[in-house]
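Heads up: the sequence shown runs through residues 1 to 273, numbered per the numbering used here. For glycine and all other residues, C-beta sits at the position ideal for the given N, C-alpha and C. The model shown is predicted, which means the values in this text are computed figures rather than measured ones.
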Amino acid sequence: MKILIPTDFSQLSKIAIQYAIGLSKDFELELVLLHIINTYNPTMARIGSKKLGEVIKTSSEQDMNELLKEIKKENGDHVKITTNIIYGSSIEKEVEAFALKNNIDIICIGTKGATGLKKIIFGSNAAGIIASSSIPVITVPEYAQYKGIINIVYSSDLENLEEELKLIIPFAKLFNSWIKILHIINEHENFNVDLQNQEHRLRTLFSYEKIKTKEIKNDSVINGINEYVSGIDADMVAMFTRRTALFEKIFNKSITKSAAFQTKTPLLTFQKA
């Protein structure tokens with residue numbers, strides 16, 4: 001498996017690197033570090049100097065070498081790491097193009113908890129990566145520590161369930177993880193789905209036994225997710241970016257600060273075709 005980690009050599013990007021190194025302890029993978037020199041930078045555009053571009057690239061190469069030394073000093077040589085430095089005017093487009101060209105399986109980025117994640121989802125380079133990537137993205141909060149992936153919580157309205165599980169299950173199988181399908185309904189809403197029969201049907205359909213479904217009554221989606229994630233000590237939350245109603249509701253400015261799971265639980269996002 002190949003994991004792409006876009007890096008600007010900041011502490012934020014190192015969060016993603018350390019998490020990916022944790023993943024490497026469970027199965028063989030290759031870390032691909034990518035630094036993009038932003039040609040849209042106003043200084044470069046104004047000066048338009050080839051020499052300036054060469055200076056910036058030299059500096060970036062030095063930073064990348066220092067980063068590699070730091071990684072090897074802390075973790076040894078057991079992880080296969082390749083590095084790339086490219087030019088580009090659109091970070092998200094360059095990441096997507098590079099990922100597709102180089103057969104990347106997962107993109108991994110870091111974030112500083114709830115406020116940072118809100119900032120990442122809306123109005124930053126990483127926002128574009130998460131929103132537009134055709135490849136799954138793992139967003140790793142500042143305080144997350146890799147300890148295996150035993151429980152993946154997938155909050156769902158139960159629409160398109162089978163289609164979305166087709167994407168989640170291959171990832172879960174890598175770790176032999178439980179997929180906990182969480183359905184949250186209003187306190188006064190009636191729920192008519194037989195969860196036990198649904199579990200059996202899904203397990204049979206996908207030939208995967210580790211599927212559980214859970215219904216929670218809560219007027220707040222965020223509170224419902226927090227309650228469940230905390231209760232089972234979830235290792236990851238999964239969602240689909242194209243289902244904007246749930247996605248935007250979770251990261252809405254007015255409630256982001258109450259989403260405790262964002263501060264310590266990695267988020268796995270898929271873009272539904």
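If the five residues before and after Ala-144 are omitted, its C-beta is found closer than 8 Å to the C-beta atoms of Ile-15, Tyr-19, Lys-264, Thr-265 and Pro-266, all from its own chain and listed in chain order. Note on Gly-110: 16 or more other CB atoms within 10 angstroms of its CB, so buried under the neighbour-count rule. Beta-carbon to beta-carbon, Asn-151 and Ile-216 are separated by about 15 Å, too far to satisfy the 8 Å threshold. The Cβ atoms of Phe-270 and Pro-170 lie no closer than 8 Å to each other.
Taking the Cα positions, Ser-134 is about 36 Å away from Glu-187.
One Cα belongs to Ser-60, the other to Lys-214, and the distance between them is close to 48 Å. A residue is called buried once 16 or more other Cβ atoms fall within 10 Å of its Cβ, and Met-1, having fewer, is exposed.
Around the CB of Ser-207, fewer than 16 other CB atoms lie within 10 Å, so the residue is classed as exposed. Within the same chain, His-35 and Ser-60 come within 6 Å of Ile-85 by CB-CB distance, once the 5 residues on both sides are set aside. Beyond the five residues adjoining it in sequence on each side, Gly-128 comes within less than 6 Å, by CB distance, of Glu-92 in the same chain, given in chain order.
One thing to note: Trp-178 has its Cβ no nearer than 8 Å to the Cβ of Lys-147.
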